[in-house]
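Working notes, beginning with the structure itself.
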Amino acid sequence: TDHTSSSPRVDIQTHRVMSQVFCLYIRVKLKSEMIEEFLQRFGVLAAHVKANEPDTLSYELCRSDQNEDEFMIVERYPSRAELEVPHQQSEEFKAFKEWWTSSGCVLEKSGMSCLETGVGYMAK
Numbered sequence: 001t002d003h004t005s006s007s008p009r010v011d012i013q014t015h016r017v018m019s020q021v022f023c024l025y026i027r028v029k030l031k032s033e034m035i036e037e038f039l040q041r042f043g044v045l046a047a048h049v050k051a052n053e054p055d056t057l058s059y060e061l062c063r064s065d066q067n068e069d070e071f072m073i074v075e076r077y078p079s080r081a082e083l084e085v086p087h088q089q090s091e092e093f094k095a096f097k098e099w100w101t102s103s104g105c106v107l108e109k110s111g112m113s114c115l116e117t118g119v120g121y122m123a124k
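Heads up, the sequence shown is in the numbering used here, so the first residue is 1 and it goes up one at a time.
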């Protein structure tokens, strides 16, 4: 029996943005000899975010399953404003950003910001 006809359909072209959740996806390729320090420093920052930024929805570091020197930082906030204040204003963020921009650990960096559409889900 073909069950596809009873499946709900979503027209992505006309679907309005239901959520204003602001997301950042940052892909980085690191110098292999600096990965451990990166993990340690990012861990300090992530712990700070969890303890001091209650409105931050997600703050996760993902490691590529294909290239051990590539990572994706996933950040989700109720709006862009919560990224700017308090996150980017914290001393912990400023210290991490200063280190990662001056240390030479990042070989490649790319990313994007976006708004969630409400089509699908981020957690169950």
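Even glycine gets a Cβ: it sits at the ideal position worked out from N, Cα and C.
- Cβ-Cβ distances below 6 Å link V49 to T56, Y59 in the same chain, with the five nearest sequence neighbours on each side left out; the list follows chain order.
- Residue state for S103 is assigned as coil, using DSSP reduced to three classes.
- Counting along the chain, L24 sits inside no alpha helix (DSSP H); it lies in the beta strand (DSSP E) bounded by residues 22-30.
- Per DSSP, the continuous alpha helix (DSSP H) segment holding L45 begins and ends at 35-52.
- For E84, the uninterrupted alpha helix (DSSP H) segment begins and ends at 80-84.
- Within the same chain, F71, M72, V74 come within 7 Å of C62 by CB-CB distance, once the 5 residues on both sides are set aside.
- Separation of the CB atoms of F22 and L83 is rounded to 6 Å, and the pair is thereby assigned contact status at 8 Å.
- Each residue's CA atom was taken as its position, placing E68 and K97 some 22 Å apart.
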